[in-house]
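*Asks:*
Residue numbers (the UniProt record's numbering): 1 to 433.
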């Protein structure tokens with residue numbers, strides 16, 4: 001059963017929705033307008049919100065945009081109710097953050113069915129250290145919430161501004177160190193960027209650089225934190241022989257299921273503050289580190305992923321563009337086979353060796369049909385470009401992949417396989433489907 005917050009300025013709708021949801025086993029709280037809704041949201045911490053569009057003080061779109069500005073609430077379901085004459089601009093409807101819209105003028109039976117079906121969807125208030133802090137020390141007044149939102153937007157803006165320096169990774173890392181030095185106190189800071197199976201490591205110290213923990217200690221610490229992939233350290237900006245590390249906080253940075261970097265803060269003065277700031281910074285750090293990795297691949301002209309022998313993203317993009325051009329000019333079929341490994345983020349660190357072996361086997365299997373046209377989109381996703389072949393020509397390859405999927409399944413992983421013939425899509429559409 002779900003915790004549901006109902007926000008509506010009409011008492012009749014408040015009562016109707018509360019009774020409907022409670023009869024069906026849900027826990028309900030009611031707010032009389034948008035401002036009241038915000039304050040109740042941060043104390044009640046609901047799984048689902050049903051909010052009216054037009055209300056005094058703060059309308060439904062503004063409420064929803066504000067809630068969605070906190071990444072910790074991304075999985076909360078929001079259903080927005082609209083009246084007969086109320087229309088929402090398509091631009092703001094799409095970007096409001098609401099999961100669905102429902103007209104109040106529908107027959108009552110339809111409204112009840114739609115609301116109950118919506119609440120049953122897998123929405124949830126996901127617990128995290130940031131949410132735990134909100135639960136233990138909830139915001140007392142709206143001014144506290146606005147102050148927190150301003151803090152988050154400031155951190156996000158400061159980090160995203162560094163994207164303009166993506167061509168100079170060392171400078172970006174130095175400026176991140178300077179930013180975090182202003183936000184909280186610590187002894188040492190380590191930043192890692194991870195591209196496929198290779199890591200670039202940066203270390204900064206508030207004192208003597210020789211007091212930084214050496215790279216082997218950092219790698220061991222990451223493994224103890226539960227990382228399940230073996231990384232080859234290809235670059236580091238410091239040298240140190242120190243064989244230990246003090247108390248620390250680690251923030252892992254993922255793009256979807258793919259680990260692309262981390263922040264490790266050694267000996268922070270106030271651990272809770274560091275946790276809080278790094279949680280706020282996770283979203284912009286994801287975008288920044290992803291961009292740095294893409295620049296790194298282009299700058300180093302790295303064409304092949306060492307772990308699997310498949311092409312890196314920039315190279316496979318080029319090959320896809322050439323294949324599309326050739327297929328158009330010669331009226332040839334063109335098929336794309338994509339494999340995504342689901343569950344890597346949560347798989348056990350004990351399986352890192354087996355996982356690396358399976359990656360290689362999967363890559364080798366894909367190469368049997370198209371040796372020179374297989375690429376690794378990211379850590380957990382591969383694509384095979386099959387020029388001159390239609391979908392039915394890959395059946396034998398799919399059988400081989402199906403046999404491999406059983407081995408992945410034994411590690412708690414799932415292979416998601418998609419086969420599509422080219423039908424005028426751009427390379428961006430092909431890679432993002």
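All residues carry an ideal CB built from backbone N, CA and C; glycine is no exception.
All of these numbers come straight from a predicted model, not from anything done at the bench.
Nearest CA to the CA of residue 458: which residue from 76, 103, 74?
*Replies:* Because the chain is modelled from 1 through 433, residue 458 falls outside the range shown and cannot be assessed.
*Asks:* Assign residue 167 to one of two classes, buried (16 or more other C-beta atoms within 10 Å of its C-beta) or exposed (fewer than that).
*Replies:* With fewer than 16 other Cβ atoms within 10 Å, it is exposed.
*Asks:* Expressed to the nearest angstrom, what Euclidean distance is found between the alpha-carbon atoms of residue 254 and residue 11?
*Replies:* In a straight line, the C-alpha of residue 254 is about 44 Å away from that of residue 11.
*Asks:* Within its chain, find whatever has a CB closer than 6 Å to the CB of residue 7; leave out the 5 residues flanking it on each side and keep chain order.
*Replies:* Cβ within range, chain order: 31, 37, 51.
*Asks:* What residue range is occupied by the uninterrupted beta strand (DSSP E) comprising residue 31?
*Replies:* That run of the beta strand (DSSP E) goes 27-31.
*Asks:* Where do the N-terminal and C-terminal ends of the beta strand (DSSP E) with residue 248 fall, by residue?
*Replies:* Taken as a continuous stretch (DSSP letters only), the beta strand (DSSP E) holding residue 248 covers 248-255.
*Asks:* To the nearest angstrom, how far is the alpha carbon of residue 386 from that of residue 392?
*Replies:* Answer to the nearest angstrom: the Cα atoms are 12 Å apart.
*Asks:* For residue 11, which of helix, strand or coil comes out of DSSP?
*Replies:* If DSSP states are grouped into helix, strand and coil, residue 11 belongs with the helices.
*Asks:* What does DSSP give as the partner residues of residue 80 in its beta bridges?
*Replies:* In DSSP, residue 80 forms a bridge with 51, 101.
*Asks:* For the beta strand (DSSP E) containing residue 378, list its first residue and its last residue.
*Replies:* Per DSSP, residue 378 belongs to the beta strand (DSSP E) from 374-378.
*Asks:* Going by beta carbon distance, what residues of the same chain come within less than 6 Å of residue 204, once the five residues before and after it are set aside?
*Replies:* The residues are 177, 189.
*Asks:* Restricting to runs no shorter than 3 residues, where is the beta strand (DSSP E) found entirely within the stretch 182-255?
*Replies:* You should have 188-195, 198-205, 232-236, 248-255.
*Asks:* On the DSSP bridge assignment, give the partners of residue 432 in chain order.
*Replies:* Answer by DSSP bridge pairing: none, since residue 432 is not bridged.
*Asks:* Would you mind stating whether residue 179 and residue 158 have Cβ atoms separated by less than 8 Å?
*Replies:* Yes, these two residues count as a Cβ contact at 8 Å.
*Asks:* Which same chain residues, not among the five before or five after residue 248, have their C-beta less than 8 Å away from its C-beta?
*Replies:* 221, 264, 265, 266, 267, 268, listed in sequence order.
*Asks:* Taking C-alpha atoms, which residue in 275, 321, 342, 232 lies nearest to residue 412?
*Replies:* Measuring from the Cα of residue 412, the nearest candidate turns out to be 342.
*Asks:* In the DSSP assignment, what residue or residues form a beta bridge with residue 382?
*Replies:* Per DSSP, 339, 376.
*Asks:* If residue 125 and residue 46 are in contact, beta carbons under 8 Å, what's the gap, nearest whole angstrom?
*Replies:* Yes, residue 125 and residue 46 are in contact; Cβ-Cβ is about 7 Å, under 8 Å.
*Asks:* What residue from 260, 43, 16, 64 has the CA that sits closest to residue 3's CA?
*Replies:* Residue 43 is the option with its Cα nearest to residue 3.
*Asks:* Would you say residue 77 and residue 41 are within 8 Å of each other, going by their C-beta atoms?
*Replies:* For residue 77 and residue 41, no; Cβs fall outside 8 Å.
*Asks:* Using C-beta distances below 8 Å, list every residue in its chain close to residue 306, excluding the 5 sequence neighbours before and after it, in chain order.
*Replies:* Correct list, in chain order: 196, 197, 198, 232.
*Asks:* How far does the beta strand (DSSP E) with residue 407 in it reach, from first residue to last?
*Replies:* Not the beta strand (DSSP E): residue 407 falls in the alpha helix (DSSP H), residues 395-409.
*Asks:* Do residue 113 and residue 257 come within 8 Å of each other at the CB atom, strictly closer than that value?
*Replies:* Not closer than 8 Å, so no.
*Asks:* Does DSSP put residue 167 in a helix, in a strand, or in coil?
*Replies:* In this structure, residue 167 counts as coil in the three-state DSSP scheme.
*Asks:* Mind checking whether residue 311 and residue 375 have CB atoms under 8 Å apart?
*Replies:* In contact: residue 311 and residue 375 (Cβ atoms closer than 8 Å).
*Asks:* Between 415, 336, 356, 251, which has its C-alpha nearest residue 433's C-alpha?
*Replies:* Checked all of 415, 336, 356, 251; the closest Cα to residue 433 is 336.
*Asks:* May I ask you to report which of helix, strand or coil DSSP gives residue 316?
*Replies:* Helix, per DSSP.
*Asks:* Cα-Cα, which of 317, 71, 296, 194 is closest to residue 279?
*Replies:* The residue with the shortest Cα to Cα distance from residue 279 is 71.
*Asks:* Is it the case that the Cβ atoms of residue 400 and residue 338 are separated by a distance below 8 Å?
*Replies:* No, Cβ-Cβ distance for residue 400 and residue 338 is not below 8 Å.
*Asks:* Please report how far the alpha carbon of residue 21 lies from the alpha carbon of residue 64, in whole angstroms.
*Replies:* Going from the Cα of residue 21 to the Cα of residue 64 covers about 21 Å.
*Asks:* Do residue 358 and residue 408 have their beta-carbon atoms positioned less than 8 Å apart in this structure?
*Replies:* Yes, the pair counts as a contact, with Cβ atoms nearer than the cut-off.
*Asks:* For residue 431, count neighbouring C-beta atoms within 10 Å of its own C-beta (all shown protein chains included) and say buried if the count is 16 or more, exposed if not.
*Replies:* Classification for residue 431: buried.
*Asks:* Taking just the CA atoms, how far does residue 62 sit from residue 99?
*Replies:* Going by the C-alpha atoms only, they are around 14 Å apart.
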